[in-house]
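A.B. asks:
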Amino acid sequence: MRGILSAAAYVPYRRLDRAEIRATFAKGGGKGRRTVASYDEDATTLAVEAARLALRSAPDHPAATPESVWFATTTPPYADKTNATALHAALRLDRTVGAMDCAGATRSAVGALRAALGGGPTVLVCSADLRSGAPTSADESAGGDAGAALLIGDAPEGTTLAEYLGGASLTEEFLDRWRAPGDPNAKVWEERFGESVYVPLGLEAWDLALKAAGIGADDVDRVAVVGTHGRANKALSRKLGVAEGAVADDFATTIGNTGAAAPGLALASWLEGAEPGQVLALVAMADGADVFVFRATAALAGWSPTRTVAGQIEAGAPVPYGTFLSWRGEVALQPPNRPEPQRAAAPPAARRADWKFGFVGSRDPSGALSLPPARISYADGSLDQGHPAPMADVAATIVTFTIDHLAYSPSPPIVFAVVDFDGGGRFPVELTDVDASALAIGDRVEMTFRRLTTADGVHNYFWKARPIRGEVTGEVTP
Amino acid sequence: MTGIKDRVAIVAMGCTEFGEHWNRSADDLIIDAAGQALAGAGVDGDGLSPNDIDAYWFGTATTAMSGIALSQALKLQAKPVTRVENYCATGSEALRNACYAVASGAYDSALAIGVEKVKDGGYQGLNAPPIPTDGTQRTLTAAAMFSLVAPAYAQKYGVSDEELREVLSRIAAKNHYNGARNPRAQFRREVSVETISKAAPVAGCLGLFDCAGVADGAAAAIVVRAEDAHRYTDKPLYVKALSFVAGNGSGNADPDYDYTTFPEVVAAVTEAYAQAGVTDPRAQIAMAEVHDCFTPTELVLMEDLGFCARGTAWKEVLAGTFALDGDLPVNPDGGLKSFGHPVGASGLRMHFEHWLQFRGEAPPERQVATVADRKLGLVQNLGGYPGEMLCFASILGPELG
Numbered sequence: 001m002r003g004i005l006s007a008a009a010y011v012p013y014r015r016l017d018r019a020e021i022r023a024t025f026a027k028g029g030g031k032g033r034r035t036v037a038s039y040d041e042d043a044t045t046l047a048v049e050a051a052r053l054a055l056r057s058a059p060d061h062p063a064a065t066p067e068s069v070w071f072a073t074t075t076p077p078y079a080d081k082t083n084a085t086a087l088h089a090a091l092r093l094d095r096t097v098g099a100m101d102c103a104g105a106t107r108s109a110v111g112a113l114r115a116a117l118g119g120g121p122t123v124l125v126c127s128a129d130l131r132s133g134a135p136t137s138a139d140e141s142a143g144g145d146a147g148a149a150l151l152i153g154d155a156p157e158g159t160t161l162a163e164y165l166g167g168a169s170l171t172e173e174f175l176d177r178w179r180a181p182g183d184p185n186a187k188v189w190e191e192r193f194g195e196s197v198y199v200p201l202g203l204e205a206w207d208l209a210l211k212a213a214g215i216g217a218d219d220v221d222r223v224a225v226v227g228t229h230g231r232a233n234k235a236l237s238r239k240l241g242v243a244e245g246a247v248a249d250d251f252a253t254t255i256g257n258t259g260a261a262a263p264g265l266a267l268a269s270w271l272e273g274a275e276p277g278q279v280l281a282l283v284a285m286a287d288g289a290d291v292f293v294f295r296a297t298a299a300l301a302g303w304s305p306t307r308t309v310a311g312q313i314e315a316g317a318p319v320p321y322g323t324f325l326s327w328r329g330e331v332a333l334q335p336p337n338r339p340e341p342q343r344a345a346a347p348p349a350a351r352r353a354d355w356k357f358g359f360v361g362s363r364d365p366s367g368a369l370s371l372p373p374a375r376i377s378y379a380d381g382s383l384d385q386g387h388p389a390p391m392a393d394v395a396a397t398i399v400t401f402t403i404d405h406l407a408y409s410p411s412p413p414i415v416f417a418v419v420d421f422d423g424g425g426r427f428p429v430e431l432t433d434v435d436a437s438a439l440a441i442g443d444r445v446e447m448t449f450r451r452l453t454t455a456d457g458v459h460n461y462f463w464k465a466r467p468i469r470g471e472v473t474g475e476v477t478p
Numbered sequence: 479m480t481g482i483k484d485r486v487a488i489v490a491m492g493c494t495e496f497g498e499h500w501n502r503s504a505d506d507l508i509i510d511a512a513g514q515a516l517a518g519a520g521v522d523g524d525g526l527s528p529n530d531i532d533a534y535w536f537g538t539a540t541t542a543m544s545g546i547a548l549s550q551a552l553k554l555q556a557k558p559v560t561r562v563e564n565y566c567a568t569g570s571e572a573l574r575n576a577c578y579a580v581a582s583g584a585y586d587s588a589l590a591i592g593v594e595k596v597k598d599g600g601y602q603g604l605n606a607p608p609i610p611t612d613g614t615q616r617t618l619t620a621a622a623m624f625s626l627v628a629p630a631y632a633q634k635y636g637v638s639d640e641e642l643r644e645v646l647s648r649i650a651a652k653n654h655y656n657g658a659r660n661p662r663a664q665f666r667r668e669v670s671v672e673t674i675s676k677a678a679p680v681a682g683c684l685g686l687f688d689c690a691g692v693a694d695g696a697a698a699a700i701v702v703r704a705e706d707a708h709r710y711t712d713k714p715l716y717v718k719a720l721s722f723v724a725g726n727g728s729g730n731a732d733p734d735y736d737y738t739t740f741p742e743v744v745a746a747v748t749e750a751y752a753q754a755g756v757t758d759p760r761a762q763i764a765m766a767e768v769h770d771c772f773t774p775t776e777l778v779l780m781e782d783l784g785f786c787a788r789g790t791a792w793k794e795v796l797a798g799t800f801a802l803d804g805d806l807p808v809n810p811d812g813g814l815k816s817f818g819h820p821v822g823a824s825g826l827r828m829h830f831e832h833w834l835q836f837r838g839e840a841p842p843e844r845q846v847a848t849v850a851d852r853k854l855g856l857v858q859n860l861g862g863y864p865g866e867m868l869c870f871a872s873i874l875g876p877e878l879g
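For the protein sequence lines, the chains are A and B, in the order given.
At the far end of the first sequence sits residue 478, using our numbering, and the numbering has no gaps.
At the far end of the second sequence sits residue 879, using our numbering, and the numbering has no gaps.
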């Protein structure tokens, strides 16, 4: 049966308390908190983190190996260059796995999911967005940053977690939300205009989808409504003829509206709490209305997400509004008096792509680990006798650490640690998502894919370490 | 290996003031340092001209490329000039090569000179020239890398945070005390332990005063074979040992490395002691110029150099062992801390203090007593970071044998 083989969402660590916006500017803001990607995260890194989580909890079955990876976002780090190739490299996928962007609109994520569910190879559908707007705007407050990944394919009944029962798609050309490429913030037409188009469209797609899936509204246990128009989403959810308790949490006060990541986030969240046999209808309203109907299978009872959405929401920490504004480029702070970093050079980055993007070191016959990989081992002097050692999913322990107030960083100071990996191996590494005053020798850390700096438009991707927070299922043994 | 003991002598030296020389170019500093050395060479007081020297070794990390930079500054006539670089041991690298050149017999005289114009760059701290990389290198400052040493040392030897802070401040205060008595030093005021301890953190537990300043400056030395020394000076300084270790950078990958020692230093200085016949450094070494880039560096060096047992350097610091009037004066000229650190010149500057002290030419308020009875001095000059370090060591003395 075709459906979802694994799923995950990645919720970044930082939270902005929306009340701080109003406290600063006497307008804007709102209730609750929104998620904020760190200064060293972008849509690609968010997608990588979500994809890593999804693949780690994927079933041990040939059908669960991605044959293609698609990446949807409205905030692509590169135009012209494929962003999904960095994702592909970070996931250490085989060269025959095609990587492609579906970049541009929020609906790109919906379209990617629809295309994957339509049949064919196993596809890892990844999505991520950093959503914001001008300071005090509705978008700034209502937005949220997140990544999501769905593994879609055909597998036996005992493997597929949620079977795709059917759905519907309606397209309409109307101007509700738009952004010129290069502009940081979107514009919207009068809210009531968009709502007047979306709600009937959503209702029509809903009826068509139920018919296509062969079920009635009573059969739907859970409804998730996502889309670019928050008011329309809420209005539609009240008109679908399902019980109020059946409408899924839209994460408005805990994450925010995550744009392209919203459909994947909704599905991942549903799966972590669903019972076998339960039916979910996902409604996605973005330049049209798409409905997807899924039924959870018995295989769900034997599946655990690597990290739950609920757990990630809880394991967050605040970021001050001023820092948020500087991270988003709304305000430029005085940098340290150090030279700006150079652009990462293409030939060395290509020669060491496995190291740079995949965090693959080398282990010599004596077991000593070299990070970066080395042709000659420091331990036994052997030449070219080492084997690749993928270390991205191996946990480590802090041996010592320091804080550098002088070094260049997009968000100083740099917190830096020497860490020992489980199973052997040591690496000095920058830490992120960390409160330096709360650090201690012996703390446990995990590797995370980040964007270190950007120079001359070249994004320098590599790995940092972050404290392990919340429950993680399925530790990787090195 | 036959070694180099007593085969080469330093017969003249020069050293500029170190500091922020906005108005002096690299050429100006070169002419000054080389000029001092050349003027001082010659028993009848006539001195030498640049073209009297057979070969040049020119150390600079970031101020110039190619030996041409030196030959055009001094307008040398068809002379060989080798530009060398080895991180912060660049100055020593120049001297080392000059010594081997005359020892080999290929040249009769060689001049080693180091210069750096760090202050022309406009940035804080030391910065490497841009080399294309894949972007995965560490971007940490040297201060942050060396700051890892302090808590490691404290934890290993049971020193409390307060005690360690006092020890580090005493090291800095000692070097400032010495620098206050050195007209060539960048910083010439005494600084109290209290001021040092209260400074805002720069990296880890290190504050502003735990870190050596960077500066502009130059220093030079003329070397000849020992048997020719009398033609240039009646008080030569003989080279008893030269050693160098370029680490392979594995320390940061090795789980057994604990940041309380610098293995490359131990290896280099062990070799140097063997060449010079030093079996009890504490008793035989009169004074040492060591690489105090940061206060915990100097602390650990006291043990790596064998001046005291492992885990006891902190007590020796508190007891004043390494002070100007102590049992084994360390950095009597103020060290990197107060003399300043022009990368290409520092190694030669370290030899310059031995040159003054062993010849009785240091100012009286800075003259160390120990050179009267002990006839050996140690220079230790490192580069790089804990875990990936290089180290130079030399032993010098005013007498043969």
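Using N, Cα and C, we set each Cβ at its ideal position, and we do this for glycine too.
Give a yes or no on whether 8 Å exceeds the smallest Cβ distance from A:V69 to chain B.
C.D. replies: no
A.B. asks: Is B:L618 close to chain A, meaning its C-beta is less than 8 Å from at least one C-beta of that chain?
C.D. replies: So, interface residue.
A.B. asks: Got a sec: which bits of the segment 619-636 of chain B sit with their beta carbon under 7 Å from any beta carbon on chain A, in order along the chain?
C.D. replies: T619, A621, A622, S625, L626, P629, A630
A.B. asks: Between the alpha carbons of B:A519 and B:V489, how many angstroms are there, rounded?
C.D. replies: One alpha carbon belongs to B:A519, the other to B:V489, and they sit about 7 Å apart.
A.B. asks: Using DSSP with H/G/I as helix, E/B as strand and the rest coil, what is A:S38?
C.D. replies: coil
A.B. asks: Since B:E640 is in the alpha helix (DSSP H), which residue starts that stretch and which ends it?
C.D. replies: 639-657
A.B. asks: Would B:D612 count as contacting chain A if we go by Cβ distances under 8 Å?
C.D. replies: Cβ-Cβ to chain A under 8 Å: yes for B:D612.
A.B. asks: Could you list the residues in the segment 751-782 of chain B with a C-beta less than 9 Å from some C-beta on chain A, going in chain order?
C.D. replies: Listed in sequence order: no entries.
A.B. asks: For the segment 727-754 of chain B, which residues have a beta carbon sitting closer than 7 Å to at least one beta carbon of chain A?
C.D. replies: S728, N730, A731, D732, P733, Y737
A.B. asks: Whole angstroms are fine: how far does the CA of A:P467 sit from the CA of B:R566?
C.D. replies: According to the sequence shown, residue 566 of chain B is Cys rather than Arg. B:C566 and A:P467: Cα-Cα distance of roughly 35 Å.
A.B. asks: Take every Cβ of the segment 856-864 of chain B, pair it with every Cβ of the segment 737-744 of chain B, and state whether three or more of those distances are shorter than 8 Å.
C.D. replies: yes
A.B. asks: Using CA coordinates, which residue listed in B:A823, B:L589, B:V669, B:P759 is at the minimum distance from B:G576?
C.D. replies: In the sequence under discussion, the amino acid at residue 576 of chain B is Ala, which differs from the Gly named in the question. Taking only the C-alpha atoms, the option nearest B:A576 is B:L589.
A.B. asks: Once the 5 residues before and after A:V110 are set aside, which same chain residues still bring their CB inside 7 Å of it?
C.D. replies: P263, A284, A286, D290
A.B. asks: Looking at C-alpha atoms only, which residue of A:V399, A:D433, A:Y461 is the closest neighbour of B:A630?
C.D. replies: The shortest Cα separation from B:A630 among A:V399, A:D433, A:Y461 belongs to A:V399.
A.B. asks: Assuming contact is defined by CB atoms lying nearer than 8 Å, are B:R659 and B:P841 in contact in what I supplied?
C.D. replies: yes
A.B. asks: Are the CB atoms of B:Q762 and B:S721 within a distance shorter than 8 Å?
C.D. replies: no
A.B. asks: Within the continuous beta strand (DSSP E) that includes B:M491, where are the two ends?
C.D. replies: 486-493
A.B. asks: Please confirm whether B:A850 has its beta-carbon closer than 8 Å to some beta-carbon of chain A.
C.D. replies: no
A.B. asks: Does the segment 218-228 of chain A come close enough to the segment 239-246 of chain A to have 3 or more Cβ pairs within less than 8 Å?
C.D. replies: yes
A.B. asks: Could you say which of A:A374, A:L175, A:K81 lies nearest to A:T228 if we only look at CA atoms?
C.D. replies: A:L175
A.B. asks: Compare the beta carbon distance of A:R22 and A:G32 with 8 Å and say whether it is the shorter of the two.
C.D. replies: no
A.B. asks: Answer yes or no: does any C-beta atom of chain A fall closer than 8 Å to that of B:A588?
C.D. replies: B:A588 does not count as touching chain A.
A.B. asks: If you measure from the beta carbon of A:A407 to each beta carbon in chain B, is any gap under 8 Å?
C.D. replies: yes
A.B. asks: Which bits of chain B does A:I371 rub up against, with CB to CB less than 7 Å?
C.D. replies: According to the sequence shown, residue 371 of chain A is Leu rather than Ile. The contacting residues are A731.
A.B. asks: Assuming the contact rule is C-beta atoms closer than 8 Å, B:G813 and B:N653 should be a hit. Round their C-beta distance to whole Å, please.
C.D. replies: 4 Å
A.B. asks: Compute the Euclidean distance between the alpha carbons of A:F401 and B:P679, then round it to the nearest angstrom.
C.D. replies: 14 Å
A.B. asks: For the candidate residues B:F785, B:W792, B:F870, whose alpha-carbon lies nearest to that of B:D901?
C.D. replies: In the structure as shown, chain B starts at 479 and stops at 879, and residue 901 of chain B therefore has no counterpart that could be examined.
A.B. asks: Helix, strand or coil for A:Q334? Go by DSSP, reduced to three states.
C.D. replies: coil
A.B. asks: For A:A345 and chain B, any beta-carbon pair shorter than 8 Å?
C.D. replies: yes
A.B. asks: Quick one: using the 10 Å Cβ neighbour count with 16 as the cut-off for buried, is A:W206 buried or exposed?
C.D. replies: buried
A.B. asks: Out of B:A698, B:G685, B:A850, B:R667, state which residue places its alpha-carbon closest to the alpha-carbon of B:F772.
C.D. replies: B:G685
A.B. asks: Any beta carbon of chain A sitting closer than 8 Å to that of B:P842?
C.D. replies: Using a CB distance cut-off of 8 Å, B:P842 does not count as an interface residue toward chain A.
A.B. asks: If you measure from the CB of B:P528, is any heavy atom of the ligand MG nearer than 7 Å?
C.D. replies: In the structure on display, the ligand MG does not appear, and there are no ligands present to speak of.
A.B. asks: Is there contact here, the segment 321-339 of chain A with the segment 257-271 of chain A, by at least three beta-carbon pairs under 8 Å?
C.D. replies: no
A.B. asks: So, are the CB atoms of B:I591 and B:A698 less than 8 Å apart?
C.D. replies: At the C-beta level, B:I591 and B:A698 come within 8 Å of one another.
A.B. asks: Apply the 10 Å Cβ neighbour rule to A:L130 and answer buried if 16 or more other Cβ atoms are within range, or exposed otherwise.
C.D. replies: buried
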